[in-house]
Ligand SMILES: Cc1cc2nc3c(=O)[nH]c(=O)nc-3n(C[C@H](O)[C@H](O)[C@H](O)COP(=O)(O)OP(=O)(O)OC[C@H]3O[C@@H](n4cnc5c(N)ncnc54)[C@H](O)[C@@H]3O)c2cc1C
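Residue numbers (the working numbering): 1 to 493.
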């Protein structure tokens, strides 16, 4: 194959990144996006002067972004005006006690020792383990393609079974560091970002709290959507063509190859290579002829979903820090309810984001922009979930938890509300089961065991994004874009 043209289905972060790499190596690249703007899950809307990032709000793993902007011939610091968010999160527990996670180790020592004497030593040991995991995971699992089973299952990788603790669950592993349940919560809730419960996530994921404290959580001036804007600019400079408001209805294939795509208006576009950034299980299910793989994928484990509320309020809530997390004591019940029962927990954990604390331009002067996110189960097969009812219950839980911070007048100050349920995520971005993080990151859905970034049968059909390798997250989507572009170039050459 000596490809000249590539069609990319979807302008998510993975699609835009791959497009730029491919265009920079001389290919003709067109990105076809069903929505009116790029970004996919990382999106934004503006209403009455309030700016809402509708998906990601945490700029984590800055070293990955730095490397990926560098690989695109640019620089993260040139592209983004970043400020460090420290404390990263303000945690509020059910009993009203609080913990501000910060890289200021003096403050961490004081706070932890007052919760459980001797626990600061536990934190230091835990962070050391997180650091080991972080480097091993990035070097040996994330930053590379797995084309053959042997790339993954080989004697050189055997040590990872011992060094990454993949067979021990994260929560159980916390007993080695802390006795106090609140501290176990404080350093495992990040597993939700992988769409996992800490009771099933491998202890490997201690890398996340480590990276947040060691490398920081950041915020780009102008909001998270600035990342999409800068990537789209780089893509355009490289010559990528974007076609918006245009849904791909199917991928045209013959026995061995993809020939191009058919759009919703009936037109056909030819391409030497087709790269799907739309959610991988959705592509197998809806854009390709039905086969065994499509059925197998629908039975895989999907990450949870969220109900998100976007509120424009007519006063400022200074008491709210940029990232507040209300964590529920009945932690296990919480995850069981989300992951096993596909529902809303009786006492859900809640994340509240107040972006105007970081960048005043996110709200009109004297007003506030608030985003509340409540993790819930993904869409069930039987369609029995009543999302209107669950959304209303979730809203009441947010108001209830806000009262514990002394905020009891919010209902009277909300000027307008927009809300997303799992149905919204599914419709807006074609996310299978409305699952916000795609296929979950269990042991059997990682590395070579995650669906490959090339179709096993159609040799010129590739995949990029959260449900393929390496997985969910904005910087990870950039890695995914680089890896698939490298693979296309290697296999085409
Ligand atoms: C609520 C939420 C919070 C998150 N928080 C964070 C966070 O704080 N930090 C972080 O790093 N990550 C976070 N993430 C994860 C991160 O947003 C994603 O992992 C990443 O953006 C996924 O990028 P992607 O390349 O998979 O593309 P997607 O975002 O999945 O984009 C795919 C694109 O394909 C388009 N498409 C689909 N079907 C078609 C079709 N038939 N024709 C044309 N176009 C099509 C879609 O419209 C979409 O634009 C969050 C995600 C969500 C949903």
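Glycine included, C-beta positions come from ideal geometry on N, C-alpha and C.
Cβ-heavy atom distance, residue 34 to ligand 1, below 7 Å: Flag set: Cβ of residue 34 near ligand 1.
Taking the alpha-carbon of residue 482 as reference, which of 327, 68, 12, 28 has the nearest alpha-carbon? 68
Fully enclosed by the stretch 201 to 236, which beta strand (DSSP E) runs are 3 residues long or longer? 217 to 220
Can you tell me whether DSSP reads residue 321 as helix, strand or coil? Residue state, collapsed to three classes: coil.
Residue 375 (DSSP reduced to helix, strand or coil): Taken through DSSP and simplified to helix, strand or coil, residue 375 comes out as strand.
Proximity below 8 Å, CB of residue 261 to CB of residue 207: no
To which residues does DSSP link residue 311 through a beta bridge? Note: residue 311 sits in a beta bridge opposite 370, 417.
Threshold first: 3 residues or longer. Then list the beta strand (DSSP E) segments lying entirely within the stretch 85 to 140, N to C. 89 to 93, 98 to 101
When we look at the beta-carbon of residue 46 and count the other beta-carbons within 10 Å, is it buried (16 or more) or exposed? exposed
Spatial distance of residue 84 from residue 218 (CA atoms): 4 Å
As assigned by DSSP and simplified to three states, the class of residue 172: helix
Alpha carbon of residue 71 to alpha carbon of residue 444, nearest angstrom: 30 Å
Kindly give me the distance between the Cβ atoms of residue 344 and residue 316, rounded to whole angstroms, as I take these residues to be in contact under 8 Å. Contact flag wrong, Cβ pair sits at about 29 Å.
Among 160, 426, 39, nearest to residue 228 - alpha-carbon criterion: 39
Tell me the residue span of the alpha helix (DSSP H) that contains residue 491. Where residue 491 is concerned, the enclosing alpha helix (DSSP H) stretches over 474 to 492.
Can you pull the DSSP bridge partners for residue 303? DSSP, once it has assigned bridges, lists no residue as partnering residue 303.
Using a threshold of 7 Å, is the CB atom of residue 430 nearer than that to any non-hydrogen atom of ligand 1? yes
So, is residue 319 buried or exposed, given that buried needs 16 or more other C-beta atoms within 10 angstroms? Result: exposed.
Sheet register partners of residue 352 (DSSP bridge): 324, 372
Kindly examine ligand 1 and report whether one of its heavy atoms sits closer than 7 Å to the Cβ of residue 58. yes
Going straight from the alpha carbon of residue 216 to that of residue 266, what length do you get? 48 Å
Please confirm if the stretch 295 to 314 is in contact with the stretch 416 to 426, defined as three or more CB-CB distances below 8 Å between the two stretches. Segments in contact, yes.
What's the gap between the Cα of residue 24 and the Cα of residue 273? So the alpha carbons of these two residues sit roughly 16 Å apart.
For residue 51, which of helix, strand or coil comes out of DSSP? Looking at residue 51 - three-state DSSP - the assignment turns out to be strand.
Are three or more beta carbon pairs between the stretch 284 to 302 and the stretch 47 to 54 nearer than 8 Å? Verdict: no, contact absent.
Using 8 Å as the threshold, is the C-beta distance between residue 122 and residue 178 below it? yes
Measuring straight from C-alpha to C-alpha, what distance separates residue 259 and residue 288? 12 Å
Could you check the C-alpha separation between residue 471 and residue 65 for me, to the nearest Å? The alpha-carbon atoms of residue 471 and residue 65 are separated by roughly 15 Å.
According to DSSP, is residue 12 helix, strand or coil? strand
Note down the Cα distance separating residue 167 from residue 280, rounded to an integer number of angstroms. 27 Å
Is it true that the stretch 484 to 491 meets the stretch 459 to 473, where meeting means three or more beta-carbon pairs spaced less than 8 Å apart? Short answer: they touch.
Hey, would you say the C-beta of residue 304 is under 7 Å away from at least one heavy atom of ligand 1? no
With 16 other Cβ atoms within 10 Å as the buried cut-off, status of residue 156: exposed
Beta-carbon separation (whole angstroms), residue 474 vs residue 13, contact threshold 8 Å: Taking the Cβ atoms as the reference, residue 474 lies roughly 6 Å from residue 13, within the contact range of under 8 Å.
Just reading off the beta strand (DSSP E) that residue 469 is part of, what are its end residues? Taken as a continuous stretch (DSSP letters only), residue 469 belongs to no beta strand (DSSP E), as it is neither H nor E.
Rounded to the nearest angstrom, what separates residue 283 and residue 409 at their Cα positions? 45 Å
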